[in-house]
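Residue numbers (UniProt numbering): 1 to 84.
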């Protein structure tokens with residue numbers, strides 16, 4: 001299980017697993033519950049690279065980032081550490 005502390009968004013923590021380059025067991029702590037549950041279900045089973053491509057650059061209101069964008073940051077950081 002990997003844990004990421006997002007910056008500049010309402011969620012306080014993102015938890016997830018990566019197995020064979022595929023995202024599993026995604027959960028957000030804090031933030032907009034319904035939206036984040038939806039994002040979690042949509043990305044589970046997706047390849048890490050595909051999720052990064054789809055989520056990078058999404059903004060929330062006037063913010064330069066969003067919970068999906070922060071999840072892309074988490075995936076990119078984790079993939080670089082585990083060599084994915």
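Yeah, the Cβ is synthetic: ideal placement off N, Cα and C, and Gly gets one too.
Inset, instruction - Identify which residue in 62, 61, 48 has its Cα closest to the Cα of residue 77. - result: As a working mapping, residue 77 is identified with position 77 in the chain shown. It is 48 whose Cα lies nearest to the Cα of residue 77.
Inset, instruction - Using 10 angstroms around the beta-carbon of residue 29, count the other beta-carbons present and answer buried if the total reaches 16, otherwise exposed. - result: For the purposes of this step, residue 29 is taken as the residue at position 29 of the chain shown. Answer is exposed; the Cβ neighbour count stays below 16.
Inset, instruction - Enumerate, from N- to C-terminal direction, the unbroken beta strand (DSSP E) stretches of 3 or more residues contained entirely within the UniProt domain "TSCPD" (3–77). - result: 11–19, 22–30
Legend entry - Proximity winner among 57, 59, 40, relative to residue 22 (alpha-carbon distances): Here residue 22 is taken as the residue at index 22 of the chain shown, counted from 1. Here the closest residue by C-alpha is 40.
Inset, instruction - Please report how far the alpha carbon of residue 80 lies from the alpha carbon of residue 46, in whole angstroms. - result: Residue mapping note: residue 80 aligns to position 80 of the chain shown, counting from 1. Residue mapping note: residue 46 aligns to position 46 of the chain shown, counting from 1. Roughly 17 Å separates the two Cα atoms.
Inset, instruction - Return the Cβ separation of residue 69 and residue 52 in integer angstroms, given the expectation that the two are a contact with Cβ distance under 8 Å. - result: Working through the chain shown from its first residue, we reach residue 69 at position 69. Working through the chain shown from its first residue, we reach residue 52 at position 52. 10 Å between Cβ atoms; not a contact.
Inset, instruction - Figure out for me which residue from 74, 2, 67 has the closest Cα to the Cα of residue 36. - result: Reading the chain shown from its first residue, position 36 is the one you call residue 36. The candidate whose alpha carbon is nearest that of residue 36 is 67.
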